[in-house]
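So our numbering is basically just the index in the sequence shown, starting at one, shifted up by 116. All residues carry an ideal CB built from backbone N, CA and C; glycine is no exception. Nothing here was measured: the structure is a model prediction, and the numbers come from that model. What follows is one structure encoded as structure tokens, with my remarks underneath.
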Amino acid sequence: MNAPYPWLAAHWQRLAASRARGTLGHAYLIAGPEGLGKQAFAEAFARYVLCEAEEGRTAACGDCRSCRLYASASHPDLKRVTITEDHPTIRIDQVRELVDFFALKPHYQRRRIAIVHPADVMNRNAANALLKILEEPPPSALLILVCHRAGLLPPTVVSRCQRVNVTPPAWDERLAWLAEQRARQPTLPDFATLTLQGAPLTLLARLEAGEGTLLTELIPAMHAAGARNHDQLATARQFGGGDVQHFLDAFESVIQAMIQLCAGHAPGHLRLPEPAHSALAETAASLGPRRLFAILDEVARARGVVLRSSGVRGNEVIENLWFAWVDALRTRTTA
Ligand SMILES: [Zn+2]
Numbered sequence: 117m118n119a120p121y122p123w124l125a126a127h128w129q130r131l132a133a134s135r136a137r138g139t140l141g142h143a144y145l146i147a148g149p150e151g152l153g154k155q156a157f158a159e160a161f162a163r164y165v166l167c168e169a170e171e172g173r174t175a176a177c178g179d180c181r182s183c184r185l186y187a188s189a190s191h192p193d194l195k196r197v198t199i200t201e202d203h204p205t206i207r208i209d210q211v212r213e214l215v216d217f218f219a220l221k222p223h224y225q226r227r228r229i230a231i232v233h234p235a236d237v238m239n240r241n242a243a244n245a246l247l248k249i250l251e252e253p254p255p256s257a258l259l260i261l262v263c264h265r266a267g268l269l270p271p272t273v274v275s276r277c278q279r280v281n282v283t284p285p286a287w288d289e290r291l292a293w294l295a296e297q298r299a300r301q302p303t304l305p306d307f308a309t310l311t312l313q314g315a316p317l318t319l320l321a322r323l324e325a326g327e328g329t330l331l332t333e334l335i336p337a338m339h340a341a342g343a344r345n346h347d348q349l350a351t352a353r354q355f356g357g358g359d360v361q362h363f364l365d366a367f368e369s370v371i372q373a374m375i376q377l378c379a380g381h382a383p384g385h386l387r388l389p390e391p392a393h394s395a396l397a398e399t400a401a402s403l404g405p406r407r408l409f410a411i412l413d414e415v416a417r418a419r420g421v422v423l424r425s426s427g428v429r430g431n432e433v434i435e436n437l438w439f440a441w442v443d444a445l446r447t448r449t450t451a
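See below:
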């Protein structure tokens with residue numbers, strides 16, 4: 117196994133080259149948005165550094181004593197520090213255990229490795245204790261910190277780590293990867309109208325949860341909402357029964373796609389087969405960008421309502437937004 121995901125390949129090559137030259141650092145910070153496989157990367161990297169196979173390999177061999185210990189989850193030179201439901205932050209006693217762990221000589225290879233995930237939920241005492249390790253790392257220590265929000269880590273910790281900044285792949289790459297997953301798992305729903313906004317692993321999880329269908333229903337419903345005899349209340353209630361965040365995400369993607377269509381671009385983040393493409397293009401042209409941007413403002417307001425008030429009813433937010441949409445369509449036809 118090389119990089120666990122194709123969008124991580126460049127980072128992998130850089131680290132593999134450091135390993136080959138014998139210039140690996142003592143601490144790495146793997147940071148970036150959720151859903152990009154950072155933890156899988158940290159695991160694969162640790163396994164690769166521990167592998168005892170001959171020089172020149174760009175990935176763990178999977179077959180040596182070290183790789184077999186890794187596979188049986190009993191490698192004595194690898195330690196994982198993480199959180200639990202009862203203890204949602206990394207605590208100082210966990211970091212003290214790390215100090216003890218690094219104080220021992222490696223059993224097999226030259227390195228002892230610790231993976232700390234998620235490193236951004238560390239309290240000040242834990243961070244200070246970790247800083248001590250980072251300031252004077254034992255020669256064999258390799259510390260891998262993984263987190264979604266590096267900004268929450270003390271700058272003194274960040275500055276002592278080599279950064280691996282993971283960013284989402286381009287839309288085409290996400291699409292190609294999702295197509296590969298679908299080829300392997302034929303039970304996944306078709307993502308013909310799946311919005312490609314979001315990290316690939318998040319998109320895959322949404323497909324696996326059968327969520328590819330929201331946009332498939334939303335696009336024709338948004339198009340049909342302009343008809344006078346359309347039962348708006350029934351439609352609003354139908355969407356109101358779903359998850360409010362998913363609805364806002366999907367609705368916003370469709371509006372953004374329409375704005376791009378107004379500007380003469382094909383919306384890259386949305387896979388739009390016919391007749392969805394024509395339906396959207398027609399509605400977009402009849403509304404124009406000014407009205408569409410006003411709807412985007414409504415979406416932002418709705419997100420604000422959901423964020424600010426804990427007792428907010430998602431169905432009311434969805435229904436209000438739906439009627440704002442119907443209004444925009446009606447003022448269009450009477451203007
Ligand atoms: Zn190996």
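Item to check | V197, DSSP secondary structure in three states | outcome: Residue state for V197 is assigned as strand, using DSSP reduced to three classes.
- Task: Alpha carbon to alpha carbon, how far is R406 from C177? Give it in angstroms, no decimals.
- Result: For C177 and R406, the distance between alpha carbons rounds to 58 Å.
If you measure between the beta carbons of I231 and R196, is that distance less than 8 Å? Contact flag set, yes.
Q. What residues are listed by DSSP as bridge partners for N431?
A. According to the DSSP secondary-structure assignment, N431 is paired through a beta bridge with no residue.
Query raised in the report: So which of L331, V415, Q129, W287 has the shortest CA-CA distance to A395?
Result: The shortest Cα separation from A395 among L331, V415, Q129, W287 belongs to L331.
**Item:** Which of helix, strand or coil DSSP assigns to C177
**Value:** Note: C177 maps to coil in three-state DSSP.
For the structure I just gave you, are there three or more beta carbon pairs, one from the segment 289 to 304 and one from the segment 185 to 193, closer than 8 Å?
Under the Cβ criterion (8 Å, minimum of three pairs), the segment 289 to 304 does not count as touching the segment 185 to 193.
In angstroms with no decimal places, state the Cα-to-Cα distance between E390 and A400.
Cα to Cα, the separation comes out at about 15 Å.
*Who's in the neighbourhood of ligand 1, going by beta-carbon under 7 Å from any heavy atom, listed in chain order?*
The set of residues whose C-beta lies within less than 7 Å of a heavy atom of ligand 1 reads, in chain order, C167, E168, A169, A176, C177, G178, D179, C180, S182, C183.
Assess contact between the segment 410 to 420 and the segment 431 to 439, defined as three or more Cβ pairs (one per stretch) separated by less than 8 Å. Is contact present? They touch, by the three-pair rule.
So, at 7 Å on beta carbons, what are the nonlocal neighbours of P120 in its own chain, with the 5 sequence-adjacent residues on each side left out? Same-chain partners within the cutoff: G153, A156, F157, A160.
Y144 bridges to which residues according to DSSP? BP columns for Y144 point to I260, Q278.
Option in L304, A337, S256, T205 with minimal Cα separation from L323:
Of the candidates L304, A337, S256, T205, the one whose C-alpha sits nearest the C-alpha of L323 is L304.
From L377, H362, G138, pick the residue whose C-alpha is nearest to that of G314; which is it?
Closest in C-alpha terms to G314, from the list L377, H362, G138, comes H362.
With a Cβ-Cβ cutoff of 8 Å, do A371 and L320 count as a contact?
-> In the sequence as displayed, the identity of residue 371 is Ile instead of Ala. Contact flag unset, no.
Is there contact here, the segment 267 to 283 with the segment 130 to 145, by at least three beta-carbon pairs under 8 Å? Under the Cβ criterion (8 Å, minimum of three pairs), the segment 267 to 283 counts as touching the segment 130 to 145.
Cβ distance (whole Å) where W441 is taken to contact M374 below 8 Å: About 11 Å separates the two Cβ atoms, so there is no contact after all.
**First through last residue of the beta strand (DSSP E) which encompasses R75** = Residue 75 lies beyond the residue range present for the chain, which begins at 117 and ends at 451; the question has no answer from this structure.
Going by the beta-carbon positions, is the gap between T318 and G430 smaller than 8 Å?
Inclusion of T318 and G430 in the CB contact set at 8 Å is not warranted, their separation being larger than that value.
| field | Distance between V422 and A451 (C-alpha atoms, nearest Å) | value | Annotation note: pLDDT 44 at A451 (below 50); position unreliable, coordinate value reported separately. C-alpha separation (whole angstroms): 32 Å.
Original post:
Under 8 Å, do W123 and E289 count as touching if we go by C-beta distance?
Top reply: Cβ atoms of W123 and E289: closer than 8 Å.
For L388 and L334, what's the separation of their Cα atoms in angstroms?
Rounded to whole angstroms, L388 and L334 show a C-alpha spacing of 12 Å.
Check your understanding: Is V237 helix, strand or coil by DSSP?
Key -> Coil, per DSSP.
* If we count the other Cβ atoms within 10 Å of its Cβ and call it buried at 16 or more, is E171 buried or exposed? -> Counting the other Cβ atoms within 10 Å of the Cβ of E171 gives fewer than 16, which makes it exposed.
### Query
Is it right to say F409 is buried, meaning 16 or more other beta carbons lie within 10 angstroms of its own, or is it exposed?
Exposed, since its Cβ has fewer than 16 Cβ neighbours within 10 Å.
Beta-carbon proximity of K245 to V211, cut-off 8 Å:
Rather than Lys, the amino acid found at residue 245 in this sequence is Ala. Yes, Cβ-Cβ distance for A245 and V211 is below 8 Å.
> Between the Cα of R135 and the Cα atoms of T174, P149, N118, which residue gives the shortest distance?
Replying inline: The shortest Cα separation from R135 among T174, P149, N118 belongs to T174.
### Task
Determine the DSSP secondary structure at T450, reduced to helix, strand or coil.
A caution first: T450 carries a pLDDT of 47, below 50, which makes its placement in the model unreliable, though a value can still be read off. Three-state DSSP puts T450 in a helix.
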